[in-house]
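This report refers to the structure that appears directly beneath it.
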Amino acid sequence: MYTTNLNTISLFDAWYENDPLMHAKVNFPFSQATGNASSAVVYFEIEPGHYLATHTDSAEEIVLLLSGTVEASLGDERGTLTAGEAVLIPAMVPHGIRNVGTEKARCVGFFASATLVSTFEQTMQPFGVRAIATPPPAGAA
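Position 139 (the sequence shown) corresponds to 166 in my numbering; numbering is contiguous.
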């Protein structure tokens, strides 16, 4: 049995060089790299005032907000989510999440594929590319 503790998981920073507010801490505790055959999980945190930039994912995703208050964008739609709420994000639909609250936003995303490609509008650091395959390259943490 493979388990993980989201309270102690090691996270890596992801950011845009030209926008200090685009910053999130991320890890993929479940994916093809951990033996998953058809699903993956991402855990990420966003500090107040910061955001995870608009991007597309090659697989459908459900994001569950564990704590905080965020504004989620999905295509042309916008909506506020609070702890305990979830949003369905179809594959390849542009989406992003902004922390509009006063506490750290903690989120879990569940993907309908063990591997995926996330494509951002700008180059994502520390990767130096716009399209990032999951799991991220070794050494990103």
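Where a beta carbon is used, it is the ideal one built from N, C-alpha and C, also for glycine.
Values in this document were obtained by computation on a predicted structure and should not be read as measured data.
For the pair V156 and D40, the Cα-to-Cα distance works out to about 14 Å. For L48, the CB contacts under 8 Å within the same chain, skipping 5 residues up- and downstream, are G76, H77 and Y78 in chain order. Of the candidates A158, S140, L101 and L91, the residue whose Cα lies closest to the Cα of C134 is L91. Counting along the chain, I36 sits inside no beta strand (DSSP E), nor does DSSP assign it H or E at all. Residue pairing by DSSP puts E72 in a beta bridge opposite K52 and R133. With 16 or more other Cβ atoms inside 10 Å of its own Cβ, G128 counts as buried. The residue from A158, H82, E88 and L93 with its alpha-carbon nearest to that of T109 is L93. Beta-carbon to beta-carbon, H82 and F137 are separated by about 17 Å, too far to satisfy the 8 Å threshold.
In the DSSP assignment, F147 forms a beta bridge with H82. In this structure, T31 is the residue among T31, A64, Y43 and T96 with its C-alpha nearest to the C-alpha of F55. Cα atoms of A86 and A132: separation of roughly 23 Å, rounded to the nearest angstrom. Annotation: M151 to Y29 spans about 29 Å, alpha carbon to alpha carbon. Shown here, A141 sits in coil according to DSSP, grouped into three states, outside any helix or strand.
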